[in-house]
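Colleague: When you line the sequence shown up against the working numbering, it's residues 82 to 377, in that order. Every residue, glycine too, gets a C-beta built ideally from N, C-alpha and C. These numbers come from a predicted model, not from an experiment. Before I ask anything, let me first share the structure, which is written out below as structure tokens.
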Amino acid sequence: MELQQMRYVIAVAETGSFTRAAGRCLVVQSALSHQIARLERELGARLFERTTRRVRLTPAGEAFLPAARQCLEAAERAAAEVAAAVGEVRGRLALGLIPTVTAVDIPAALRDFRRRHPQVRVSLRVGASDELVEQVREGALDLAFLGLPTTARPRGVGRHELARDRLVAVVAPGHPLAGAPSVDLRRLASEVFVDFPAGTAGRAQTDQAFAAAGLVRDVAFEVTTADYVAGLVGPGLAVAMLPPAYAARLPGVVAIEVSDAPVRVQHVTWSRTGRTPAAAAFLAALGIPVTDGEDS
């Protein structure tokens, strides 16, 4: 059994096609098919059901796939550790981030990091804080940049607080509040809101702030990506609460200070048990102290 065969199996499983998998792996399809057939003979089981329409995993293939991924990840980690021992950082860096992260300029940080460590392959995953911290705990991500209410902390991971943001109200240019120097939550409670789905970390700080003030607001629109907020706020369909640095990037909206606004805390998190050389190097490049505890 060879690592390359495992790569081929993973590629077919992820693309659902021998042709697309061969293109991803930069080999001719016949060579890829031959290697998978060899592996199936060695294992004594078919890994894929092949039809003229699609390719899908058999029960044996479903069992093999996660183990194959673990083997490849272990091989990559081993190679990265050896490289680190001789002063070279290489391997994979899997980063997760919320779309409203502002404490770190991620593109600029990656540009500088790649200049120093060109052998590192970087993957980016954008998602909600709750999902990202779970993926760090599971080892699917090396690092994640999160935004949480002041009442919450990412558990089971190493973490470093990056910044605290007092949210601002975001309204349409023609909104009656657009020219106000500031507002409070009581005034905003009468507005229609767009926000992230209920129960998510991106919404929690605002829900908690209104509840603590004894106020109820109308969240008529829920979105999963912050970029779409401007699409609803700009035409006057709703107002929103967002971090000020992120709100400043959105076209066609006006940001207003909120005197009793909720605060969001930005964190970077990492695995407490399996930090890779690439992850350690990226944190070092950002000047972030690293410990194996939950706080730094």
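#1: In whole angstroms, give me the CA-to-CA distance for L367 and L323.
#2: For a minimum of 3 consecutive residues, which ranges assigned as the beta strand (DSSP E) are wholly contained in the segment 275 to 328?
#3: Where does H256 fall in DSSP's three states?
#4: On a Cα-Cα basis, can you pick out the residue from R197, A362, F226, H198 that is closest to D211?
#5: For L113, does the three-state DSSP call read helix, strand or coil?
#6: Taking the straight line between their C-alpha atoms, what separation do you get for V249 and A184?
#7: With distances taken between CB atoms, is the gap from Q253 to R298 smaller than 7 Å?
#8: For G317, count neighbouring C-beta atoms within 10 Å of its own C-beta (all shown protein chains included) and say buried if the count is 16 or more, exposed if not.
#9: Here's the rule: buried if 16 or more other CB atoms are within 10 angstroms of the residue's CB, otherwise exposed. What is Q151?
#10: Among A362, I369, T357, L364, which residue has its Cα nearest to the Cα of E162?
#11: Please work out which residues of its chain come closer than 6 Å, Cβ to Cβ, to A282, disregarding the five sequence neighbours upstream and downstream, and give them in chain order.
#12: Assign R134 to one of two classes, buried (16 or more other C-beta atoms within 10 Å of its C-beta) or exposed (fewer than that).
#13: Helix, strand or coil for T100? Go by DSSP, reduced to three states.
#14: Measuring only the C-alpha atoms, how far is V314 from V320?
#15: Got a sec, what are the start and stop residues for the alpha helix (DSSP H) A190 sits in?
#16: Residues bridged to A336 by DSSP?
#17: By Cβ distance, which residues of its chain are closer than 6 Å to A175, with the 5 residues on each side in sequence left out?
#18: Run through DSSP, which three-state label would L269 get?
#19: Among T305, V349, V90, which one has its Cα closest to the Cα of G280?
#20: Quick one: Cα of L153 to Cα of A311, how far?
#21: What does the Cβ neighbour count give for A112, buried or exposed, with the cut at 16 atoms within 10 Å?
#22: Can you look up P147 in the DSSP assignment and give me helix, strand or coil?
#23: In terms of alpha-carbon separation, which member of S352, I337, V273 lies closest to P235?
#24: How would you call D186, buried or exposed, if buried means at least 16 neighbouring beta carbons within 10 angstroms?
#25: Per DSSP, which one or two residues make a beta bridge with L227?
#26: Count the other CB atoms, across all protein chains shown, that sit within 10 Å of the CB of L84; report buried if there are 16 or more and exposed otherwise.
#27: In its own chain, which residues sit with a C-beta less than 7 Å from the C-beta of L138, not counting the 5 before and 5 after it?
#28: Excluding the five sequence neighbours on either side, which residues of its own chain have a C-beta within less than 7 Å of the C-beta of V300, listed in chain order?
#29: Looking only at its chain, what residues have a beta carbon closer than 8 Å to the beta carbon of D341, apart from the 5 residues adjacent to it on each side?
#30: What three-state label does DSSP hand D211 in the structure shown?
#31: Can you tell me the Cα-Cα spacing of G172 and A156, whole angstroms?
Modeller: So, from the data block:
#1: 25 Å
#2: 299 to 303, 321 to 323
#3: coil
#4: F226
#5: helix
#6: 16 Å
#7: The amino acid occupying residue 253 in the given sequence is Ala; Gln does not appear at that position. In this structure, R298 does not lie closer than 7 Å to A253 by Cβ.
#8: exposed
#9: exposed
#10: T357
#11: S210, D211, L229
#12: exposed
#13: helix
#14: 5 Å
#15: 187 to 197
#16: V251
#17: S204, L222, D223
#18: helix
#19: T305
#20: 41 Å
#21: exposed
#22: helix
#23: S352
#24: exposed
#25: H348
#26: exposed
#27: A94, L128, F129, L146
#28: F274, D276
#29: D265, L266, A290, A294
#30: helix
#31: 10 Å
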